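In full-length UniProt numbering, the protein residues as written are 1 to 174. Beta carbons: idealized from backbone N, C-alpha and C, even for Gly. Here the structure is a predicted model, which means the values were calculated and not measured.
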């Protein structure tokens, strides 16, 4: 029952945006619609993001130019990174493609990181709220959210660096 509920929620969450996420196929060199401005995917994407006012005629000529640039590069695999570098380095020439790529790069592919962030925030605040100041609470929150980076910190080196810093003891008796 639990597995079915999880699968149902995942299907529901990602099926709503499936048409929007199909734009990634246009930049996949193995796809039949590779840099094809006349494909249905591009039209649906442009309709969804009307506020960006993407010109389909300009986009078509830009895609042709990008294809020609890629073919001059003699690279059999046109990875998204290569296309991204070409378009962003010549953003004045590829303004419509730049709009599409900027939208693509800001699309939230998953909400798991956001959910993990707020879950960590909730745990940390509930546990440390009564006994911790704001600055320390913020530091603990960053450590809790960025757990992968925190695991890479060598504690012995951190303690040694702290010990090498200036003396923090205040002399009470003189």
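Here residue 84 is not near residue 63, since their CB atoms are 7 Å or more apart. In this structure, residue 37 sits near residue 60, with a CB-CB distance shorter than 7 Å. DSSP, reduced to helix, strand and coil, places residue 68 within a helical segment of the structure shown. In the structure shown, the three-state DSSP call for residue 148 is helix. Membership of residue 84 in the alpha helix (DSSP H) is indicated by the continuous run 80-89.
DSSP assignment within the stretch 30-58 yields the following whole alpha helix (DSSP H) runs of 4 residues or more, N-terminal first: 40-48. Taking the Cβ atoms as the reference, residue 27 lies roughly 5 Å from residue 80, within the contact range of under 8 Å.
The beta carbon of residue 104 sits closer than 8 Å to those of 23, 24 and 27, all from its chain and outside the five residues before and after it, given in chain order. Between residue 51 and residue 133, the alpha-carbon positions lie close to 44 Å from each other. In the displayed model, residue 100 falls within a helix according to three-state DSSP. Annotated as distal: residue 150 and residue 140, with beta-carbon spacing of 7 Å or more.
With fewer than 16 other beta carbons inside 10 angstroms of its own, residue 68 counts as exposed.
One thing to note: residue 99 has its Cβ within 7 Å of the Cβ of residue 54. If you look at residue 164, you'll find it in the alpha helix (DSSP H) that goes 155-164.
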